[in-house]
Amino acid sequence: MPAIAVIGGTGVYDPHLLEDPREERVSTAYGEIKVFCGQWRGKEVAFLPRHGTAHSVPPHRINYRANLAGLKKLGVRFILATAAVGSLNPQMKPGEFVVLDQFLDFTRQRPSTFFDGGPEGVVHVDFTQPYCPDLRDLLVRAARTLRFPVHERGTYVCTEGPRFETPAEIKMFQHLGGDLVGMTGVPEVVLAREAEICYASVALVTNFAAGIAPYRLSHEEVVAMMKAKEKELRQLLWQAVYWIDATRVCPICHRAVAGPVTGGEPK
Ligand code: HPA
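Start counting the sequence shown at 52; every next residue gets the next number (the working numbering).
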């Protein structure tokens, strides 16, 4: 059973990221998912391209709940995700990596919780540290070790998409403290925490956002930057995967719903 998964965003579709990938189908209460399982340096790892292998699923149609429920069912306890992002922050330039540490949620119509009332009950999960601090640390260390340009923190604004933003929206996001904008990070990060899975995301700045870039935005531009940085992104991910101790119990993520241990052994 894979304890570690990589969720690939735009430009990261190829299951041959893994040695000997085999396709598995996992059925969940939210639908079936297709995921690739294979080895990486002796570790069993799952790979899920969130847009499908041919980028056929747009951000607002991704079945985030099925993806996270499926990975949970496979036994995954650690997820590293990738994200292509536009930058609102002049310090965060195209071609640079950012390890996300906060988000602002501007999505509108996505089922974004496993706790919808009913049998699952009502649960309010703490999001003071939305991304797993431990996995974030591994990603930052991996980038530094490989000498890739990296920002240790960044606030990700998630929009509904699939259109790009207006310059007025980008200005508003800047005023609110956003650094980066993308369309897929939420509710993925939320569902991972609700599923008690450690989750961190490494963003690659593909462009300056609308109104900052002195030209019109295109998906082709985003894909071209992802392609140019594909090798670095892979190296970064695999270095971090290599360092994950899959036996670790994370006090923040692995007990997000169950609550902190206040004494004695966890049940
Ligand atoms: N906006 C939204 N999503 C994106 C962008 C952007 O500028 N670049 C890459 N993904």
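Built from N, CA and C at the ideal position, the CB exists for glycine as well.
1) Need the endpoints of the alpha helix (DSSP H) that threonine 79 sits in, please.
2) Please write down, chain order preserved, every residue whose beta carbon lies under 7 angstroms from a heavy atom of the ligand HPA.
3) Could you spell out where the alpha helix (DSSP H) holding glycine 236 opens and where it closes?
4) Looking at the structure shown, is proline 317 part of a helix, part of a strand, or coil, going by DSSP?
5) Is glycine 315 buried or exposed, if buried means 16 or more other CB atoms sit within 10 Å of its CB?
6) Check this for me: beta carbons of leucine 99 and valine 86, under 9 angstroms apart or not?
7) Is the number of C-beta pairs between the stretch 128 to 146 and the stretch 247 to 256 that are closer than 8 angstroms three or more?
8) So what does histidine 202 bridge to, in DSSP terms?
9) Give the C-beta separation of cysteine 301 and aspartate 185 to the nearest angstrom, bearing in mind that I take them to be a contact with Cβ-Cβ under 8 angstroms.
10) Measuring straight from C-alpha to C-alpha, what distance separates isoleucine 55 and leucine 268?
11) Identify every residue that forms a DSSP beta bridge with threonine 133.
12) Where do the ends of the alpha helix (DSSP H) carrying glutamine 286 lie?
Quick look at the numbers:
1) It is not in any alpha helix (DSSP H) - threonine 79 instead sits in the beta strand (DSSP E) that spans 70 to 79.
2) Thr61, Ala135, Val136, Gly137, Thr210, Gly212, Phe215, Glu216, Val232, Gly233, Met234, Thr257, Asn258, Ala260, Ala261, Leu268, Val273
3) Run containing glycine 236: 236 to 245, per the alpha helix (DSSP H) assignment.
4) In this predicted model, proline 317 has a pLDDT of only 43, less than 50, meaning its place in the structure is not dependable enough to derive any value.
5) Unreliable placement is indicated for glycine 315, whose pLDDT of 48 sits below 50; no coordinate value is reported for it.
6) yes
7) Flag = yes, the stretch 128 to 146 and the stretch 247 to 256 touch.
8) Val149
9) The pair is a contact, with the Cβ atoms about 6 angstroms apart (cut-off 8 angstroms).
10) 34 angstroms
11) BP columns for threonine 133 point to Val253.
12) 281 to 294
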